[in-house]
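For reference, the structure is listed below as structure tokens.
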Amino acid sequence: VQLQASGGGLVQAGGSLRLSCAASGGTYNMGWFRQGPEKEREFVAVINWTGSITNYADSVKGRFTMSRDNAKNTVYLKMDSLKPEDTAIYYCAAGLRWGYDPTRYDYWGQGTLVTVSS
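The opening residue of the sequence shown carries number 75 in our numbering; numbering runs sequentially from there.
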């Protein structure tokens with residue numbers, strides 16, 4: 075399956091962005107991960123294939139919301155109250171297994187850059 079992430083950009087601290095990830099097909103659990111400068115890739119959010127269950131990293135809980143529209147094969151990450159430490163390349167991923175470890179995902183998008191200025 076192919077994943078295409080979009081929606082990144084430059085935003086001031088306190089602002090909002092919505093990322094999208096379009097999948098070419100299939101029904102998978104979907105995750106968002108991010109990798110900041112000189113950092114390891116880290117878990118951000120995950121949603122199950124029906125959209126009924128979501129989970130978030132503590133660092134984004136209450137600020138980010140993940141959702142999906144299976145009719146459009148697209149998942150979203152709404153990011154509010156952005157902070158400079160949210161600056162990273164954001165990747166979407168798809169897999170049959172549920173989890174917070176990048177190794178549990180089988181397919182990856184190309185990433186979209188989010189830059190939050192202070």
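C-beta atoms are modelled at their ideal positions from N, C-alpha and C, and glycine is treated no differently.
Note that the coordinates shown come from a computational prediction; the quantities given were computed from them, not determined experimentally.
For GLN109 and ALA145, the gap between their C-alpha atoms comes out near 29 Å. Between the region 117-124 and the region 163-180, the count of C-beta pairs closer than 8 Å reaches three or more; the two stretches touch. Leaving aside the five residues that flank ARG115 on each side, the residues in its chain whose CB is nearer than 8 Å to its CB run, in chain order, PHE107, ARG108, GLN109, TYR165, PRO176. The region 140-158 makes contact with the region 88-99: 3 or more CB pairs, one atom from each, lie closer than 8 Å.
Leaving aside the five residues that flank THR148 on each side, the residues in its chain whose CB is nearer than 8 Å to its CB run, in chain order, SER94, CYS95, ALA96, ALA97, ARG142.
In this structure the region 176-191 does not lie against the region 131-141, because fewer than three pairs of beta carbons, one per stretch, are closer than 8 Å. With contacts defined as CB atoms closer than 8 Å, ALA87 and SER191 qualify as a contacting pair.
In the DSSP assignment, ALA96 falls within the beta strand (DSSP E) that extends over 91-97.
For THR161, same chain residues with a beta-carbon under 8 Å away, outside a window of 5 residues either side, are GLY110, PRO111, VAL188, THR189, VAL190 in chain order.
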